[in-house]
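Student:
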Amino acid sequence: MNRPSLILAPNKTLAAQLYGEMKEFFPTNAVEYFVSYYDYYQPEAYIPRTDTHIEKEATINEQIDRMRHSATQALLERRDVIIVASVSCIYGIGSVETYSKMVVSLKVGDHIDRSELLRQLVALQYKRNDMDFHRGSFRAKGDVIEIFPSHYEDRAWKISLFGDEIETITEIDPLTGTKTASLEAIKVYANSHYVTPGPTIQQAIVGIKAELKSRLEEFKREGKLLEAQRLEQRTKFDLEMLAATGMCAGIENYSRFLTGRAPGEPPPTLFEYLPKDALLFVDESHVGVPQLGAMYKGDASRKRTLSDFGFRLPSCRDNRPLKFEEWEAMRPQTLYISATPGPWELEKTQGSFVEQVIRPTGLMDPVCLICPVETQVEDLIQECLEVAKKDQRVLVTTLTKRMAEALTEYLSEA
0 MNRPSLILAP NKTLAAQLYG EMKEFFPTNA VEYFVSYYDY YQPEAYIPRT DTHIEKEATI
60 NEQIDRMRHS ATQALLERRD VIIVASVSCI YGIGSVETYS KMVVSLKVGD HIDRSELLRQ
120 LVALQYKRND MDFHRGSFRA KGDVIEIFPS HYEDRAWKIS LFGDEIETIT EIDPLTGTKT
180 ASLEAIKVYA NSHYVTPGPT IQQAIVGIKA ELKSRLEEFK REGKLLEAQR LEQRTKFDLE
240 MLAATGMCAG IENYSRFLTG RAPGEPPPTL FEYLPKDALL FVDESHVGVP QLGAMYKGDA
300 SRKRTLSDFG FRLPSCRDNR PLKFEEWEAM RPQTLYISAT PGPWELEKTQ GSFVEQVIRP
360 TGLMDPVCLI CPVETQVEDL IQECLEVAKK DQRVLVTTLT KRMAEALTEY LSEA
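Going by numbering that gives the first Met the number 0, the first residue of the sequence shown is number 0, and it counts up by one from there.
1. Return the residue from the list Arg48, Ala184, Ile81 that minimises the CA-CA distance to Asn28.
2. Does DSSP put Glu170 in a helix, a strand or coil?
3. Please name the residue or residues paired with Ser159 in a DSSP beta bridge.
4. Do Arg301 and Ala84 come within 7 Å of each other at the CB atom, strictly closer than that value?
5. Which residues mark the beginning and the end of the beta strand (DSSP E) in which Tyr188 is found?
6. Which complete beta strand (DSSP E) runs does the region 52-98 hold, if anything under 3 residues is left out?
7. Compare the Cα-Cα distances from Arg154 to each of Phe310, Pro173, Leu394 and report the closest residue.
8. Taking only runs of the alpha helix (DSSP H) that begin and end inside the region 345-389, which ones reach a length of at least 4 residues, in chain order?
9. Could you check how far apart the C-beta atoms of Leu230 and Gly309 are, in whole angstroms? I think they sit under 8 Å.
10. Counting only the same chain and skipping the five closest in sequence on each side, list residues whose C-beta sits under 8 Å from that of Val424.
11. Please name the residue in Ala261, Asp38, Ala139, Gln381 whose C-alpha comes closest to that of Asn60.
12. Within the continuous beta strand (DSSP E) that includes Gln41, where are the two ends?
13. Could you tell me which whole beta strand (DSSP E) segments of length 3 or greater appear in the region 271-341?
14. Using a Cβ-Cβ cutoff of less than 7 Å, which residues in the same chain neighbour Val34 once the five nearest sequence positions on both sides are dropped?
15. Determine the burial state of Phe323: buried for a count of at least 16 other Cβ atoms within 10 Å of its Cβ, exposed for fewer.
16. Hey, out of Tyr295, Arg319, Ile6, whose CA is closest to Gly91's CA?
17. Residues bridged to Glu31 by DSSP?
18. Looking at the structure shown, is Leu117 part of a helix, part of a strand, or coil, going by DSSP?
19. Select from Thr199, Ser306, Ala242, Phe218 the residue whose C-alpha is nearest the C-alpha of Asn252.
20. Any chance you could list the beta strand (DSSP E) runs of at least 3 consecutive residues sitting entirely within the region 242-267, in chain order?
21. So, are the CB atoms of Ala413 and Ile369 less than 7 Å apart?
22. When you compare each of Val395, Ser314, Met329, Arg303 to Pro47 by their alpha carbons, which one comes out closest?
23. List the endpoints of the continuous beta strand (DSSP E) containing Tyr45.
24. Count the other CB atoms within 10 Å of the CB of Phe352; is the residue buried (16 or more) or exposed (fewer)?
25. First and last residue of the beta strand (DSSP E) that includes Lys106?
26. Tell me the DSSP bridge mates of Lys400?
27. Taking three-plus beta-carbon pairs below 8 Å as touching, is the region 176-193 in contact with the region 202-221?
28. Identify the continuous alpha helix (DSSP H) that holds Ile111 and give its terminal residues.
29. Among Arg138, His133, Ser99, which has the Cα closest to the Cα of Ser425?
30. Considering just the uninterrupted stretch of the beta strand (DSSP E) at Ser4, what are its terminal residues?
31. In terms of DSSP beta bridges, what is Ala180 paired with?
32. Check whether the Cβ atoms of Pro265 and Thr258 lie closer than 7 Å to each other.
33. Let's see if you can read the secondary structure: which residues bound the alpha helix (DSSP H) around Pro198?
34. Among Glu164, Lys223, Asp317, Thr195, which one has its Cα closest to the Cα of Ser94?
35. Return helix, strand or coil for Arg127, following the three-state DSSP convention.
36. How big is the Cα-Cα spacing for Glu404 and Asp50?
Shown next as structure tokens:
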């Protein structure tokens, strides 16, 4: 149908299984994988009862981060895309408008200033490292610039300049430097979904300062001097880091200002990268749909506590997963797949749905023989003897535990 498709699975395990199957079924398509990239994640939290503040701790899986970049880039460049995702796809990532604009396009024969190209790569959050060449880094020696793009695992790009002209672009093995292909043009996407252009950062800083001023006045009116001091110290440090480097720890808590969204507006998610004619498949929907509805409430409670006690500005609440009604409003044409549909799916279908009686395992259904009740035990013994002659195994099921015990005793004596 040439329509980008998103398969939503209720957990990472099922998503990985579906991803492997889709890769086999559609070897020429862009089959991608989009799940949470954390191997370990402890969100920032505050427990008022014990006055305990827990800093955010996370370990990012580089392989999954690469696959997330590959997924978003495939959506921007191709139509034959199949993305297998977990419910983490309703959490905020960088806006598609910013991500699609923060691209460096290079073509053989183009004229470009070497220093300007290096500055552009840094703006895309690539790090220069002439010694340790890894994903998300670049190195420059003379007229040769090598880039290890964010969505590749074992391929990098080598750009050779002649003066200010791009002479050649080659694909290389990043380990050996061996040439694997010649390219006419490439697009270098950002090394982070949260990349933000300089003018937007300056505009965001103005908005953050305005909210900080308002919140500090509110705390002081209420006599919450400790909360005011805490919030001022933490936020000003973040502002200094943003102004100096364009990044800070917990930058996602300022996403409302960085994306230019209004208070309460849905955050940018993977669904904004999907075209309007995309297809959504919700696998095991009786599990997945309730998960979608529960994500927002737990996140909102934790963020509310952080903002009430001065650890974060109230705008941190806009860094959140989609509410269920927001997800329902923006989802494309959707198919819900479940062996046991839940009440929400049944209500939506109004009793009109497609049943698949036989599971699509690819195996032939076994031949079923129905024998008379009068001779069922004798028939069972005969079948067991036939199977035993072939050195195979037999599984006999009964209606109750007591019947199983009686049959076991009878067969032992037979």
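We put the CB at the ideal spot given by N, CA and C, even for glycine.
Tutor: This is what the structure gives:
1. Ile81
2. strand
3. For Ser159, which the question treats as bridged, DSSP gives the partners Val143, Thr167.
4. no
5. 184-188
6. 56-59, 80-84
7. Cα-wise, what sits closest to Arg154 is Pro173.
8. 375-388
9. 4 Å
10. No answer is possible for residue 424: the residues shown for the chain start at 0 and end at 413.
11. Asp38
12. 37-41
13. Qualifying beta strand (DSSP E) stretches, in chain order: 278-282, 332-336.
14. Lys11, Ala14, Ile63, Ala84, Ser85, Ser87
15. With 16 or more other Cβ atoms within 10 Å, it is buried.
16. Among Tyr295, Arg319, Ile6, the Cα nearest to that of Gly91 is on Arg319.
17. Ile82
18. helix
19. The candidate whose alpha carbon is nearest that of Asn252 is Ser306.
20. You should have found no qualifying run.
21. no
22. Arg303
23. 44-46 is the span of the beta strand (DSSP E), which, as asked, contains Tyr45.
24. exposed
25. It spans 102-106 - the beta strand (DSSP E) in which Lys106 sits, taken as one unbroken run.
26. Answer by DSSP bridge pairing: none, since Lys400 is not bridged.
27. Taking a contact to require three or more Cβ pairs closer than 8 Å, the region 176-193 and the region 202-221 do not qualify as touching.
28. Looking at the DSSP string, Ile111 is not in any alpha helix (DSSP H), and its letter there is neither H nor E.
29. Outside the displayed span of the chain (0 to 413) sits residue 425, for which this structure offers no information.
30. 4-7
31. Glu170
32. no
33. 197-220
34. Thr195
35. strand
36. 59 Å
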